[in-house]
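Structure first, then comments.
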Amino acid sequence: MNKIYTLSATEIAKLIQEGKLTSKEATQAILDRIDEVEDKIGAFSSVNRENALKSAQKADQSEKTSSLHGVPIALKDNIVSLDELTTSASKILDGYYGTYDATVVKKLKEANVVLVGKANMDEFAMGSSNENSGIKPVSNPWDLDRVPGGSSGGSAAAVAALQVPIALGTDTGGSVRQPAALTGTVGLKPTYGRVSRYGLMAFGSSLDQIGIIARNSEDVAKTLEIIAGEDIYDPTTADVPVPEYSKLLDKDINGLRIGIDKKFYEGLSIEIKESTQKALEVLVGLGATIVDISLDYAKYSIPTYYIISSAEASSNLSRYDGVRYGYRADADNIEDVYVKSRTEGFGKEVKRRIMIGSYVLSSGFYDAYYKKASQVRRLIKNDYQKALESVDVIITPTTPTTAFKKGEKSNNPIEMYLSDIYTVSVSLAGLPAISVPVGFVDGLPVGMQIISNYFREDLLLNVSHKYEMERGKIEYERV
Ligand code: GLN
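Letter 313 of the sequence shown, counting from 1, is numbered 312 in numbering that gives the first Met the number 0, and no numbers are missing.
Written out as structure tokens, the structure is:
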């Protein structure tokens, strides 16, 4: 047998089903692998060895009903789990233990999936490189001097470094897809409303979605089957049936209409352009056709996103007051406790977002910024809806560059914000999208983004799976 930690979730689950491997053995192998490479990667905020082994033991003793029974996975550090550290990689939540399980956690536990720990991230999911983590930076397994992307950089790096087969991430403007692209993994952001946000620490509530990162689309499909669905605790979840995604992966894609907006391919490095084009040719070889489309308002998506997400963040983050959760600064009166705790507890980028958000919502500026951004958001969404009337999917690169060097963009927030240029418009429209690895440039992975209509994650996974079958396996063992 191959080393256990190199196996996909589907392979591990199969061995457990067949009685050839116990969940305890699989979990121990994963914990050992985490220990082996964590010093180099820094993908974890916390590892819950004891709890993990306990739930593995429970899985070994229970009836095997789910498709990921006994499989060890990681959660991003902003997803609450009972009695476990959940800090959003922020000093302000230092020592905060969850007091309940997020809906996704509850569902995973019911499916006997083993949760091994919390993945490192940019503080409160604000960032594109993981350099904003309040805990430690994360390294890209393909080149340790480079960033893994963000904000789910820990989740993506952990999967790419074979520390876990699957990790949940969250995506507000690209935080699952962008790190997946930079680490050569598959990252799915479901439709807004597909997966419950109950128990997810809120950043931009009208944009946040829990997503999945794995090394192949089948593992992603199996996870989505478990975590998707309506939830009374999150009124934005939709009452739309959850298909068995993993059974729909092999469907023929002959006749698939792929929309391409040529503007999205301008100004890209030649190599990234070529990798995406080659992948498109593979899909054409499977019977797909390419259709020209135009998404004219997408060019306003970065400012629109930063106005809306920061406005929502400034309100969502007001609950961290030094009294209710985590870190509390010493001060003589309650006013000063608030001010000092927030001053010392929040990092630079989080403060920047709170200031932008408070500014765009303030009276006198609201109409010029927040209201205008909401109107532009509608236009961006209309563009996508119109395009998706004549095509089945839209394909773009996931990121404009491969993984950049640590420090390269950290002093230039605008440069950093631009790394999400291809992903944020999709988030503003609430559409689902997946990033799938399509090749390497100078040893660094390149991702392609596939976007579909609302609740068509089945189609995204079907197309990415078909593509993976043609592309062949990626060799992940590096560190
Ligand atoms: N990089 C973007 C930001 O900093 C997106 C983050 C996300 O999707 N959580 O806001």
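Ideal Cβ positions, reconstructed from N, Cα and C, are used throughout, including at glycine.
Whole-angstrom distance between A8 and Y475, CA atom to CA atom
Straight-line Cα distance between these residues: approximately 15 Å.
Mind listing, in chain order, the continuous beta strand (DSSP E) runs of no fewer than 3 residues lying wholly within the stretch 247-308?
Taking 3 residues as the minimum length, the beta strand (DSSP E) runs contained wholly in the stretch 247-308 are 256-259, 288-291, in order along the chain.
Would the beta-carbon of M447 fall within 8 Å of that of T275?
Cβ distance < 8 Å, so M447 and T275 count as in contact.
Start and end of the beta strand (DSSP E) containing I209?
208-213 is the extent of the beta strand (DSSP E) around I209.
Specify whether the stretch 372-380 and the stretch 278-292 touch according to this definition: at least 3 beta carbon pairs, one from each stretch, less than 8 Å apart.
At 8 Å Cβ cutoff, the stretches do not touch.
Would F454 and R193 qualify as a contact pair, given that the criterion is a beta-carbon distance under 8 Å?
In this structure, R193 lies closer than 8 Å to F454 by Cβ.
Residues in its own chain within less than 7 Å of Y244 by CB, not counting five upstream and five downstream?
Excluding sequence neighbours, Y244 sits near A220, L223, E224, E456, D457, L460.
Rounded C-alpha distance that separates G254 from D391
CA-CA distance, G254 to D391, rounds to 10 Å.
Is M354 buried or exposed, if buried means 16 or more other CB atoms sit within 10 Å of its CB?
With fewer than 16 other CB atoms across the displayed protein chains lying within 10 angstroms of its CB, M354 is exposed.
For P444, the nearest candidate out of P147, Y264, K408, G286 (CA to CA)
Checked all of P147, Y264, K408, G286; the closest Cα to P444 is P147.
List the residues that DSSP assigns as beta-bridge partners of L181.
In DSSP, L181 forms no bridge with anything.
Neighbourhood of Y299 by C-beta distance below 6 Å, restricted to the same chain and skipping five residues each side
For Y299, where only same-chain residues beyond five positions count, the Cβ hits under 6 Å are V375.
Evaluate contact between the stretch 409-426 and the stretch 298-313, counting only Cβ atoms and requiring at least three cross-stretch pairs below 8 Å.
Pairwise C-beta distances place the stretch 409-426 in contact with the stretch 298-313, as three or more of them are shorter than 8 Å.
In or out: F263 buried (at least 16 other Cβ within 10 Å) or exposed?
By the neighbour-count rule (16 or more Cβ atoms within 10 Å), F263 is buried.
Does the distance from the C-beta atom of N47 to that of V103 stay below 8 Å?
Taking C-beta atoms as the reference points, N47 and V103 fail to come closer than 8 Å.
Is the beta carbon of I15 closer than 8 Å to that of A490?
Outside the shown range of the chain (0 to 478) lies residue 490, about which nothing can therefore be said.
Inter-residue CB distance, V359 and S314 (contact presumed, cutoff 8 Å)
Rounded to the nearest angstrom, the Cβ distance from V359 to S314 is 11 Å, too far for a contact under 8 Å.
Could you check what DSSP says for S195 in three-state terms: helix, strand or coil?
Of the three classes helix, strand and coil, the one that applies to S195 here is coil, per DSSP.
Say yes only if the C-beta of A124 is nearer than 7 Å to one or more non-hydrogen atoms of the ligand GLN, and no if none qualify.
At least one heavy atom of the ligand GLN is nearer than 7 Å to the Cβ of A124, so yes.
Buried or exposed, going by whether 16 or more other CB atoms sit within 10 Å of the CB of G152?
Burial state of G152 is buried, judged by a 10 Å Cβ sphere holding 16 or more other Cβ atoms.
What three-state label does DSSP hand F123 in the structure shown?
Here F123 sits in helix by DSSP.
Taking 7 Å as the cut-off, is the beta-carbon of S308 closer than that to any non-hydrogen atom of the ligand GLN?
Within the cutoff, so yes.
Give every residue of the same chain whose Cβ lies closer than 8 Å to the Cβ of V338, excluding the five residues on either side of it in the sequence, and list them in chain order.
In its chain, beyond the 5 residues on either side, A330 have a beta carbon closer than 8 Å to the beta carbon of V338.
Between the alpha carbons of V437 and L294, how many angstroms are there, rounded?
A straight-line Cα-Cα distance of about 23 Å links V437 and L294.
Is the distance from the Cβ of T169 to the Cβ of A201 below 8 Å?
It is not a contact, given that the beta carbons lie outside the stated cut-off.
Quick one: give me the first and last residue of the beta strand (DSSP E) that L6 is part of.
No beta strand (DSSP E) contains L6, which DSSP labels as neither H nor E.
Verify whether the separation of the beta carbon atoms of I165 and I78 is less than 8 Å.
No, the Cβ-Cβ distance between I165 and I78 is not below 8 Å.
Relative to the ligand GLN, is the shortest distance from any of its heavy atoms to the C-beta of S314 smaller than 7 Å?
In this structure, the ligand GLN has no non-hydrogen atom nearer than 7 Å to the beta-carbon of S314.
Measuring straight from C-alpha to C-alpha, what distance separates P567 and K250?
As displayed, the chain neither begins before 0 nor continues past 478, which places residue 567 out of reach and without an answer.
Going by beta carbon distance, what residues of the same chain come within less than 7 Å of I306, once the five residues before and after it are set aside?
Correct list, in chain order: V359, Y368, Y369, A372.
What distance in whole Å lies between the Cβ atoms of G94 and T85, which are believed to be in contact at a cut-off of 8 Å?
Contact between T85 and G94 is ruled out by a C-beta separation of about 11 Å, above the 8 Å threshold.
Tell me whether N452 sits in a helix, a strand or coil according to DSSP, three-state version.
It is coil, neither helix nor strand.
Can G149 be considered in contact with the ligand GLN, in the sense that its beta carbon sits closer than 7 Å to one or more heavy atoms?
For G149, the shortest C-beta to heavy atom distance toward the ligand GLN is below 7 Å.
Euclidean distance between Cα positions of L81 and Y383
Between L81 and Y383, the C-alpha separation is close to 39 Å.
Separation of N332 from L74, as counted between CA atoms:
Distance between the alpha carbons of L74 and N332 is about 37 Å.
CB contact flag (E10, S409, <8 Å):
8 Å or more divides the Cβ of E10 from the Cβ of S409.
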